[in-house]
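Notes follow once the structure below has been shown.
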Amino acid sequence: QHLNQQNLASIDNQISKPSFNRSMLKTGMVHIGVGGFHRAHQAYYLQELATKTNQYDWGLCGIGLREEDRNISTILKKQDQLYSLLIKHPNGTIEPHIIGAIVDYKFAIEDPQSVIDKLAHEDTKIVSLTITEGGYNFNPSTGEFDFENSIIQEELKHPKNPKSVYGFLAAALQKRRDNKLPAFTILSCDNIEHNGDVTKKMLLAFTQKLNPELADWIEKEVRFPNSMVDRITPVTTAEDISFLAKNHDLIDDWPVTCEPFIQWVIEDKFSNGRPALEQVGVQFVPDVKPYEKMKLRLLNAGHSVLGILGAIHGYQTINECIDDPLFNTFLKQFMDKEATPVLDAVKGIDLDTYKQSLLDRFANPNIKDSVSRICSESAAKLPKFLIPTIKENLDNDGNIALSTLVIAAWCFYSDKQTDLNNKPLEVIDSQKVVLQNSAQIAPLSFIQQKAIFGDLSKSERFTSLYEVMAKELYNNRGVKKQMQKLV
Ligand code: NAD
């Protein structure tokens, strides 16, 4: 059977289904960037809320701003915004859920006005975002808004014709202000340190140029809570789709898979009300920074460490990497000797337990998270996840060798785009050409890219170590030999 509202009642009862009346859900939350992660995380929490508390104000409307969202837009429409979430346990069990918390979807490429109207609707209390690290439009080395972006330049000339997330947010907030409606909260759920503060700074920079009065109103009225999100959500595979067809006679064109672990920590500051998500396990805290730093520097950086070294060694998945005792030890030592010494204490969290849980989660053989997904957009990720750890350790005379090997491996990866046995790698990065060009000049040029590394190459200690490591990799001495030397 095809997944849609009409068939819901007759779909296999082994699948958990929405028990609430979807037609009564108001779209209190509008979400921009309905990728896999949003569907595994925020939508899952809101489904739990509707199921357990019978509150009907907090359904979701999804929004896609880019051509790449056409597919999800078409599929969700066909399926009445329903989709399956497959929670994959380490023992091989797969727990299927049908998620019904999304009840509407707007695709900006086809109907931009409907997006503005939805955002400006009085039911919309929160606008949440997962637009990837690259979607925030800041220059990674200066942290300032990138006005060079041609889309932004176009929008500033034609504000009635928005294209970027900032253009749409500004147009909608202007409309709310004109209609004397309260502002919404903007809740970033991307893996960016101080994601709310960054969103605020970028939106204010954009609106200052557009209309300073609007910028002042936003500064006064809109809250941007920082948040820390966690649930490993790999890219959906053809096997996931056929699993549902074979085992549950269900045709879902785009299910999502994820691990059982889920976490959301949010600063409790909202402009216009919020769902009682604490009733379904979300933590509201006064300051999220120590939690997010811990997660970005251990989980996300740990993923990049495994992904980049694993890619050039020739591994395909994260669990394959962690099953290799050398990678396992390397990761543990990276976390203990380089990442942890520059972390702050995190209230209520035992770091040793947290690190062990990461090793267990990475090892989930059922998740098969691809190294290509983990390595994607490294140019946006590493300046947040890994490079600050190196810089802080340099300032404190701490260890840097393990992280430095990852940077040398990343140079090789960007340059050759093959593993060490010359097998081509799938490199996904909006900076792919820039990265390759600089790496091809010389490994030193790679780390002199200021937008990514800032002035890291000025450190004699880092640069000399890096150059030796890069040379060894280029002489094809094998990444494992070098890892072995360091652990
Ligand atoms: P995805 O590729 O499935 O979806 C990405 C979404 O972001 C798409 O809707 C896309 O259109 C949108 N997007 C990309 N660039 C944009 C831009 N410039 N402007 C507006 N929208 C843009 O990816 P995903 O797995 O859903 O991950 C999205 C983000 O969620 C990650 O980048 C990360 O910050 C966060 N996250 C993901 C995971 C995970 O395990 N997948 C875990 C924690 C956090």
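Just so you know, we're using this note's numbering here: the sequence shown kicks off at 1049 and counts up by one.
Beta carbons are placed, not taken as given, at the ideal position from N, Cα and C, and that holds for glycine.
Treat the numbers as computed from the prediction; the structure is a model and nothing was measured.
Beta-carbon separation (whole angstroms), Ile1147 vs Thr1233, contact threshold 8 angstroms: With 8 angstroms as the limit, Ile1147 and Thr1233 do not qualify as a contact, their Cβ atoms being about 22 angstroms apart.
Is it right to say Phe1195 is buried, meaning 16 or more other beta carbons lie within 10 angstroms of its own, or is it exposed? exposed
Cutting at 7 angstroms between CB atoms, please list the residues of its own chain near His1050, excluding the five before and the five after it. Closer than 7 angstroms at the Cβ level, and outside the excluded window around His1050, lie Ile1299.
Please specify which runs of the beta strand (DSSP E), each continuous and at least 3 residues long, are wholly inside the stretch 1264-1310, giving them in chain order. 1275-1278, 1304-1306
Counting pairs of beta carbons, one from the stretch 1288-1307 and one from the stretch 1151-1164, are three or more of them closer than 8 angstroms? Short answer: they don't touch.
On the premise that Glu1241 lies in contact with Lys1498, defined as a C-beta separation below 8 angstroms, what is that separation, rounded to the nearest angstrom? Not quite, the Cβ-Cβ distance comes to about 19 angstroms (not below 8 angstroms), so this is no contact.
Could you check how far apart the C-beta atoms of Leu1204 and Lys1257 are, in whole angstroms? I think they sit under 8 angstroms. 6 angstroms
Considering Cα atoms alone, identify which of Val1151, Ala1456, Gly1362 is closest to Lys1471. Gly1362
Nearest candidate by alpha-carbon position, reference Gln1062, set Gly1112, Val1527, Ala1091, Pro1144: For Gln1062, the nearest C-alpha among the options comes from Pro1144.
Would you kindly work out how many angstroms separate the C-alpha atoms of Val1394 and Tyr1339, rounded to a whole number? Cα-Cα distance, rounded: 6 angstroms.
Just how far apart, CA to CA, sit Glu1520 and Pro1436? 25 angstroms
Any chance the CB of Arg1279 is under 7 angstroms from a heavy atom of the ligand NAD? yes
Near Thr1401, what residues of its chain come up, given a Cβ to Cβ distance below 8 angstroms and the 5 sequence neighbours on each side ignored? none
C-alpha gap between Leu1133 and Lys1380, whole angstroms: 31 angstroms
Curious, which full-length beta strand (DSSP E) runs of at least 3 residues does the stretch 1487-1525 contain? none
Within 10 Å of its beta-carbon, does Pro1210 have 16 or more other beta-carbons around it, so buried, or fewer, so exposed? buried
With DSSP run on the structure shown, which of helix, strand or coil describes His1206? Coil, per DSSP.
C-alpha distance - Asn1197 paired with Asn1185, whole-angstrom precision: 8 angstroms
For Asn1259, tell me which candidate among Gly1215, Ile1289, Asn1052, Ala1286 has the shortest Cα-Cα distance. Gly1215
For Pro1282 versus Ile1120, is the C-beta spacing smaller than 8 angstroms? no
Let me confirm a value: Asn1139 is counted as buried when at least 16 other C-beta atoms fall within 10 Å, else exposed. Which label applies? exposed
Let me confirm a value: Phe1383 is counted as buried when at least 16 other C-beta atoms fall within 10 Å, else exposed. Which label applies? Correcting the residue type first, residue 1383 is Met in the shown sequence and not Phe. The residue is buried, with at least 16 neighbouring Cβ atoms inside 10 Å.
At the 8 angstroms Cβ level, is Asn1320 part of the contact set with chain C, yes or no? Given the protein chain composition of this structure (a single chain), no chain C is represented.
So the alpha helix (DSSP H) Thr1401 belongs to, where does it begin and stop? 1399-1410
Pairing CB atoms from the stretch 1438-1455 with CB atoms from the stretch 1501-1518, are three or more of them under 8 angstroms? yes
Considering only heavy atoms of the ligand NAD, does any lie closer than 7 angstroms to the CB of Thr1180? yes
Residues in the same chain with beta-carbon distance under 7 angstroms from Thr1466, minus the five sequence neighbours each way, listed in chain order, please. Pro1472, Leu1473
Neighbour-count burial assignment, Lys1268, 16 or more Cβ in a 10 Å radius: By the neighbour-count rule (16 or more Cβ atoms within 10 Å), Lys1268 is not buried but exposed.
Can we count Leu1325 as close to the ligand ATP, meaning its CB is less than 7 angstroms from some heavy atom? Annotation note on the ligand ATP: not contained in the displayed structure, which lists the ligand NAD as its ligands.
What does a CB cutoff of less than 8 angstroms around Asn1052 pick up in its chain, not counting 5 residues either side in sequence? Lys1126, Gln1127, Asp1128, Leu1130
Could you check if Leu1108 belongs to the surroundings of the ligand NAD, using beta carbon to heavy atom distance under 7 angstroms? No, the Cβ of Leu1108 stays beyond 7 angstroms of every heavy atom of the ligand NAD.
As assigned by DSSP and simplified to three states, the class of Gly1110: strand
Just to confirm, is the Cβ distance from Phe1378 to Leu1450 under 8 angstroms? Yes, Cβ-Cβ distance for Phe1378 and Leu1450 is below 8 angstroms.
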